[in-house]
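Each remark here refers to the structure printed beneath this line.
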Amino acid sequence: METKRELKILVWMIVIFSAVFFMPLGSERFMTAIDATLDLSKWYAQEHVVMCLLPAFFIAGVIAVFVSQGAVMKYFGANAKKWLSYTVAAVSGSILAVCSCTILPLFTSIYKRGAGLGPAVAFLYSGPAISILSIILTWRILGTEMGVARMIGAIAFSVIIGLIMAFIFRKEEKAKKEEQMNFEAPPAKRPMSKTMFHFFVLVFILVFANWGAPASGDTTSLWYYIFTYKWYITGVLSLGLAYSLIAILKIKWQWVVAGVIATAGSAVLANLLIPNPKLIPLVPMVVGIASLSFMTLLDKGDPENREWTLSAWGFAKQIMPLLAIGVVTAGFLLGSTHDNTAIAGIIPNSWIEWAVGGNSLLSNFFASFTGAFMYFATLTEVPIIQGLIASGMGKGPALALLLAGPSLSLPNMLVIRGVMGTKKTVIYVSLVIVMATISGFAYGALF
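Last residue of the sequence shown: number 447 in full-length UniProt numbering, and the count goes up by one each step with no gaps.
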């Protein structure tokens with residue numbers, strides 16, 4: 001055993017030394033790929049981690065700590081009625097404007113609380129694929145046909161993939177069903193309505209804080225109106241969270257008021273001192289999350305409040321390292337595309353554009369396969385695909401990319417492998433890619 005361990009260390013030393021020794025620093029493509037890696041990592045850290053992932057960890061913590069196991073069993077458990085569990089899973093996605101990475105802590109939470117594999121996977125797919133915002137944006141920018149096709153395809157995918165996964169692993173699900181048959185959940189500590197109020201306040205803070213800008217030139221729609229006032233809406237929702245902390249979690253009101261003052265004060269100072277408007281919201285979000293963490297960790301009235309933050313921290317420790325590896329790898333291989341910035345990865349973009357023209361099965365497969373490994377932040381897939389269509393991408397491959405890309409990414413795969421295991425992850429990813437390929441090919445043949 002000792003010899004094997006030493007040999008493993010030696011192999012890793014040789015691999016790392018060789019990679020550094022033969023690093024092609026004189027290659028323009030290699031250096032561009034390095035730039036893309038750093039650019040995507042920086043953008044991800046500035047635009048996504050603080051505003052999306054940190055709130056998502058706390059939302060997942062609510063499910064893990066405050067939502068009773070009995071409630072999870074009722075709607076997602078192995079013994080729940082299929083029509084109920086899959087409907088709830090699919091509908092849940094429509095209210096969550098999240099990406100393939102932000103959904104991970106929420107999925108992990110309900111899966112570990114006893115949710116059946118099928119409903120949990122349906123929720124995992126539906127979260128980033130069926131959000132109302134993404135469907136509306138697709139409809140407005142890529143056309144009615146594409147918007148309707150994406151909506152129908154995403155809803156159908158979530159249910160069908162969940163049912164297939166449950167069927168393939170029916171022996172495990174049968175064992176889980178028998179295990180849960182005589183399960184008697186302890187009585188909930190508080191009415192479900194209060195827990196749901198607390199949960200949805202956090203969800204809506206996440207949604208409105210990340211509400212994206214409307215299409216260029218749009219100044220009359222409801223979308224633009226909400227975007228214009230999104231920080232006022234987020235501020236009101238934050239006051240709702242403060243109320244929830246006092247009235248529902250019974251945290252000392254003096255602590256909550258101090259947290260509100262600190263968060264509001266940091267927002268004012270950020271507006272005065274930070275010249276980059278994109279970085280300004282990060283300050284009050286960090287201060288707000290820090291205040292929430294301190295008041296829950298120090299609260300001695302209810303141990304669940306402390307457990308909530310510790311649970312969020314547990315999700316962060318499990319998910320963040322794998323996401324970092326995935327983002328760096330995706331940036332190096334596929335490049336960085338965001339905010340009108342496009343830096344090629346080691347794989348030339350021209351190869352991708354060449355491969356997804358027309359409407360062959362191969363082009364649809366390539367679009368869905370490539371999209372499955374790329375990282376798309378919430379709503380960014382639409383302008384990216386708009387650019388690819390302008391470069392010659394076929395309508396079929398465009399839909400295939402829409403159905404596979406937002407719901408999967410390399411970081412996403414690494415994390416769900418740690419939750420479900422390699423076999424389930426491979427089958428889940430394969431189902432998404434194959435179904436997206438077939439759907440794209442059929443859509444391209446019709447339109």
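Even for Gly, the Cβ is constructed at its ideal location relative to N, Cα and C. None of these values were measured; they are calculated from a predicted model.
For residue 122, report the span of its alpha helix (DSSP H) as first-last. Where residue 122 is concerned, the enclosing alpha helix (DSSP H) stretches over 117-129.
Determine contact between the segment 311-321 and the segment 101-118, defined as no fewer than three beta-carbon pairs at a distance below 8 Å. Because the criterion of three Cβ pairs below 8 Å is met, the segment 311-321 and the segment 101-118 touch.
Among the residues of its own chain, which have a CB less than 6 Å from the CB of residue 33, if the five just before and after it don't count? The beta carbon of residue 33 sits closer than 6 Å to those of 332, 345 and 346, all from its chain and outside the five residues before and after it, given in chain order.
Three-state class that DSSP yields for residue 357 in the structure shown: Three-state DSSP puts residue 357 in a strand.
- request: Along the beta strand (DSSP E) that carries residue 343, what are the first and last residues, could you check?
  value: Its beta strand (DSSP E) spans residues 341-343.
Exercise for review: Report back the beta-carbon spacing between residue 150 and residue 401 to the nearest angstrom; my notes put them in contact at under 8 Å.
Suggested key: So it is not a contact: roughly 10 Å between Cβ atoms.
Exercise for the section: Please go through the segment 235-280 and give each complete alpha helix (DSSP H) segment of 4 or more residues, from N-terminal end onward. Expected result: DSSP runs (the alpha helix (DSSP H)) wholly in the segment 235-280: 253-273.
Looking only at its chain, what residues have a beta carbon closer than 6 Å to the beta carbon of residue 381, apart from the 5 residues adjacent to it on each side? In chain order, 405 and 406 place their CB closer than 6 Å to the CB of residue 381, counting only its own chain and leaving out the 5 sequence neighbours on each side.
Item checked: Extent of the continuous alpha helix (DSSP H) to which residue 412 belongs -> Here the alpha helix (DSSP H) through residue 412 covers 410-420.
Are the CB atoms of residue 153 and residue 439 within a distance shorter than 7 Å? Taking the C-beta atoms as reference points, residue 153 is found nearer than 7 Å to residue 439.
Roughly how many whole angstroms lie between the Cα atoms of residue 419 and residue 125?
Just so you know, the alpha carbons of residue 419 and residue 125 end up roughly 15 Å apart.
Pick helix, strand or coil for residue 102, following the three-state DSSP scheme.
-> Looking at residue 102 - three-state DSSP - the assignment turns out to be coil, as it is neither helix nor strand.
Quiz item: Who does residue 228 pair with in a DSSP beta bridge?
Solution: Beta-bridge pairing links residue 228 to no other residue.
Return the bridge partner residues of residue 393 from the DSSP annotation.
Per DSSP, 357.
Exercise for review: Could you tell me if residue 275 is buried or exposed, where buried requires 16 or more neighbouring beta carbons within 10 angstroms of its beta carbon?
Suggested key: Counting the other CB atoms within 10 Å of its CB gives residue 275 a total below 16, which places it among the exposed residues.
### Task
Could you tell me whether the Cβ atoms of residue 163 and residue 118 are closer together than 7 Å?
Taking 7 Å as the cut-off, the beta carbon of residue 163 is found closer than this to the beta carbon of residue 118.
With distance defined between alpha-carbon atoms, name the residue in 190, 177 and 238 nearest to residue 207.
It is 238.
Worksheet item: residue 368 by DSSP, collapsed to three states: which one?
Response: Of the three classes helix, strand and coil, the one that applies to residue 368 here is helix, per DSSP.
Residue environment, residue 301, which counts as buried when at least 16 other CB atoms sit within 10 Å: The Cβ neighbour count for residue 301, taken over all protein chains shown within 10 Å, is under 16; the residue is labelled exposed.
Notebook entry, point to check: Where does residue 336 fall in DSSP's three states?
Noted result: In the structure shown, residue 336 sits in a strand (DSSP, three-state: E or B).
Problem - Coarse secondary structure for residue 347, derived from DSSP in three states - result: If DSSP states are grouped into helix, strand and coil, residue 347 belongs with coil.
Report task. For the alpha helix (DSSP H) containing residue 55, list its first residue and its last residue. Result -> 54-65 is the span of the alpha helix (DSSP H), which, as asked, contains residue 55.
Should residue 284 and residue 309 be called a contact, given that it needs their Cβ atoms to be closer than 7 Å? Not closer than 7 Å, so no.
Nearest neighbour of residue 213, chosen from 251, 223 and 252 [CA to CA]: Checked all of 251, 223 and 252; the closest Cα to residue 213 is 223.
Option nearest residue 259 by Cα separation, candidates 271, 28 and 245: From the listed residues 271, 28 and 245, the smallest Cα separation to residue 259 is found for 245.
query: Are the Cβ atoms of residue 343 and residue 295 separated by less than 7 Å?
result: Between residue 343 and residue 295, the gap from beta carbon to beta carbon reaches 7 Å or more.
In angstroms with no decimal places, state the Cα-to-Cα distance between residue 366 and residue 35. Spanning the alpha carbons of residue 366 and residue 35 requires a straight line of approximately 25 Å.
How far does the alpha helix (DSSP H) with residue 159 in it reach, from first residue to last? Secondary structure note for residue 159: its alpha helix (DSSP H) is the uninterrupted segment 144-168.
Exercise. Residue 437: which of 415, 371 and 409 sits nearest, CA to CA?
Worked result: Cα-wise, what sits closest to residue 437 is 371.
### Query
Hey, residue 85 and residue 116 are a contact pair by Cβ (cut 8 Å); roughly how many whole angstroms apart?
Right, their Cβ atoms sit about 7 Å apart.
In the structure shown, what three-state DSSP assignment does residue 221 receive?
Correct three-state label for residue 221: coil.
Alpha carbon to alpha carbon, how far is residue 138 from residue 360?
Cα to Cα, the separation comes out at about 23 Å.
- [ ] Compute the Euclidean distance between the alpha carbons of residue 111 and residue 304, then round it to the nearest angstrom.
- [x] A direct Cα-Cα distance of roughly 20 Å separates residue 111 from residue 304.
Where does residue 341 land, buried or exposed, given buried means 16+ other C-beta within 10 angstroms? When all chains shown are included, residue 341 counts as exposed.
- prompt: Between the beta-carbon of residue 40 and the beta-carbon of residue 221, is there less than 7 Å?
  reply: Not closer than 7 Å, so no.
Quick check: the Cα distance between residue 146 and residue 176, rounded to an integer number of angstroms? If I take the Cα positions, the gap works out to 39 Å.
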